[in-house]
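S.K.: What follows is a structure written as structure tokens; I'll ask about it next.
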Amino acid sequence: MAGYRTIAATVSTAVFMQFLDATALNTALPAMGRDLHVMPIDLNVAILAYQLSLAAPHPAKGTFDAAAARRGKALFDGKATCASCHMPPTFSEPGQNMHTPASICTDDFQAQRSPDGMYRTTPLGGLGTRTKGGYYHDGRYATLGQVVQHYNSCMNLKLTAREQSDVVEYLKSL
Ligand code: HEC
Numbered sequence: 038m039a040g041y042r043t044i045a046a047t048v049s050t051a052v053f054m055q056f057l058d059a060t061a062l063n064t065a066l067p068a069m070g071r072d073l074h075v076m077p078i079d080l081n082v083a084i085l086a087y088q089l090s091l092a093a094p095h096p097a098k099g100t101f102d103a104a105a106a107r108r109g110k111a112l113f114d115g116k117a118t119c120a121s122c123h124m125p126p127t128f129s130e131p132g133q134n135m136h137t138p139a140s141i142c143t144d145d146f147q148a149q150r151s152p153d154g155m156y157r158t159t160p161l162g163g164l165g166t167r168t169k170g171g172y173y174h175d176g177r178y179a180t181l182g183q184v185v186q187h188y189n190s191c192m193n194l195k196l197t198a199r200e201q202s203d204v205v206e207y208l209k210s211l
């Protein structure tokens with residue numbers, strides 16, 4: 038019985054927060070519309086389109102090896118310990134997602150310019166579509182293979198070459 042009550046309380050809290058958010062936004066729309074000289078209803082559509090555009094794109098068919106990606110997922114969640122920081126569904130961390138440069142074996146050159154001196158766990162959705170400019174905050178790794186190699190030595194994961202390429206296929210499938 039207590040279990041049902043907890044579920045009911047959790048669901049109603051979430052629904053209440055969602056209503057609160059929607060209400061706050063909807064109340065602000067007329068003022069925003071006046072400022073921007075557009076009808077509030079058009080603003081509503083623009084905001085919805087913007088929110089939808091934030092969803093991570095799905096990888097195109099044939100851009101990764103599905104069987105290898107399945108093996109890669111098991112490694113990502115297990116032996117390679119990636120999911121301890123990159124947690125689904127965002128592949129970042131709920132709550133505190135900042136890490137010291139040392140914890141990911143990297144330098145603090147950029148981190149020391151921020152207030153907390155740390156790097157944020159990058160969400161990994163849509164990785165397959167981000168093929169230009171390299172990976173990590175300064176693009177220091179040209180390929181996903183290099184990123185996995187970096188973790189392999191940093192965290193002494195002992196991933197074989199095939200396991201590393203399986204993790205890469207999984208990354209491309211996100
Ligand atoms: C201790 C937490 C932690 C663990 C464990 C971890 N990561 Fe990360 N990851 C981070 C942080 C922090 C960054 C951001 C680094 C930066 O920007 O310099 C990052 C960045 C990345 C990026 C770059 C994304 C981009 O768009 O530039 C990839 C890819 C990645 N991680 C994959 C992995 C994989 C694969 C594993 C497991 C082998 C893993 N991570 C394990 C914290 C972690």
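Under our numbering, think of the first position of the sequence shown as 38, with each following residue one higher. Even glycine gets a Cβ: it sits at the ideal position worked out from N, Cα and C.
Any heavy atom of the ligand HEC closer than 7 angstroms to the CB of residue 161?
M.R.: Counting from 1 along the sequence shown, the entry for residue 161 is found at position 124. Yes, the beta carbon of residue 161 sits closer than 7 angstroms to at least one heavy atom of the ligand HEC.
S.K.: Between residue 137 and residue 155, how many whole angstroms is the CB-CB distance? I'm expecting something under 8 angstroms.
M.R.: Walking along the sequence shown from the start, residue 137 turns up at place 100. Walking along the sequence shown from the start, residue 155 turns up at place 118. Residue 137 to residue 155, Cβ: 6 angstroms. Contact.
S.K.: In three-state DSSP terms, what is residue 95?
M.R.: In the sequence shown, counting from the first residue as 1, residue 95 sits at position 58. Residue 95 falls in the coil class under three-state DSSP.
S.K.: The ligand HEC and residue 47: does any heavy atom of the ligand fall closer than 7 angstroms to the residue's C-beta?
M.R.: On the sequence shown, position 10 is the one that residue 47 refers to. Residue 47: no, Cβ never under 7 angstroms from the ligand HEC.
S.K.: Hey, is residue 119 close to the ligand HEC, as in C-beta under 7 angstroms from one of its heavy atoms?
M.R.: Translated into positions along the sequence shown, residue 119 becomes position 82. Yes, the beta carbon of residue 119 sits closer than 7 angstroms to at least one heavy atom of the ligand HEC.
S.K.: What distance in whole Å lies between the Cβ atoms of residue 187 and residue 142, which are believed to be in contact at a cut-off of 8 angstroms?
M.R.: Along the sequence shown, read from residue 1 onward, the residue named residue 142 stands at position 105. Along the sequence shown, read from residue 1 onward, the residue named residue 187 stands at position 150. Their Cβ separation, rounded to whole angstroms, is 7 angstroms, which keeps residue 142 and residue 187 in contact under 8 angstroms.
S.K.: Bridge partners of residue 129, per DSSP?
M.R.: For the purposes of this step, residue 129 is identified with residue 92 of the sequence shown, where counting begins at 1. Bridge partners of residue 129: 124.
S.K.: If you measure from the CB of residue 113, is any heavy atom of the ligand HEC nearer than 7 angstroms?
M.R.: Taking the first residue of the sequence shown as position 1, residue 113 is located at position 76. It does: the Cβ of residue 113 is within 7 angstroms (strictly closer) of some heavy atom of the ligand HEC.
S.K.: Whose C-alpha, out of 161, 162, 159 and 135, is nearest the C-alpha of residue 149?
M.R.: As a working note, residue 149 is residue 112 in the sequence shown. Of the candidates 161, 162, 159 and 135, the one whose C-alpha sits nearest the C-alpha of residue 149 is 135.
S.K.: Candidates 48, 116, 204 and 106: which alpha carbon is nearest residue 195's?
M.R.: Looking up residue 195 in the sequence shown gives position 158. Taking only the C-alpha atoms, the option nearest residue 195 is 116.
S.K.: Could you tell me which residues DSSP puts in a beta bridge with residue 157?
M.R.: Sequence index remark: in the sequence shown, residue 157 carries index 120 (1-based). According to DSSP, which records beta bridges pairwise, residue 157 is partnered with 135.
S.K.: Any idea what DSSP makes of residue 173, helix, strand or coil?
M.R.: One-based indexing of the sequence shown puts residue 173 at position 136. Three-state DSSP puts residue 173 in coil, outside helix and strand.
S.K.: Since residue 163 and residue 93 are thought to touch, with beta carbons under 8 angstroms apart, how far apart are those beta carbons, to the nearest angstrom?
M.R.: Your numbering for residue 163 matches position 126 in the sequence shown. Your numbering for residue 93 matches position 56 in the sequence shown. Yes, residue 163 and residue 93 are in contact; Cβ-Cβ is about 4 angstroms, under 8 angstroms.
S.K.: Keeping to the same chain, check which residues put their C-beta closer than 8 angstroms to that of residue 80; ignore five residues upstream and five downstream.
M.R.: Locating residue 80 in the sequence shown gives position 43, counting from the first residue. Around residue 80: 66, 69, 70 and 73.
S.K.: Along the chain, where does the alpha helix (DSSP H) that runs through residue 111 open and close?
M.R.: The residue labelled residue 111 in the question sits at position 74 within the sequence shown. Residues 103-114.
S.K.: Since residue 113 and residue 120 are thought to touch, with beta carbons under 8 angstroms apart, how far apart are those beta carbons, to the nearest angstrom?
M.R.: Translated into positions along the sequence shown, residue 113 becomes position 76. Translated into positions along the sequence shown, residue 120 becomes position 83. Confirmed, Cβ separation roughly 6 angstroms.
S.K.: Along the chain, where does the alpha helix (DSSP H) containing residue 198 start, and where does it finish?
M.R.: Numbered from 1 along the sequence shown, position 161 holds the residue referred to as residue 198. Counting along the chain, the alpha helix (DSSP H) containing residue 198 begins and ends at 198-209.
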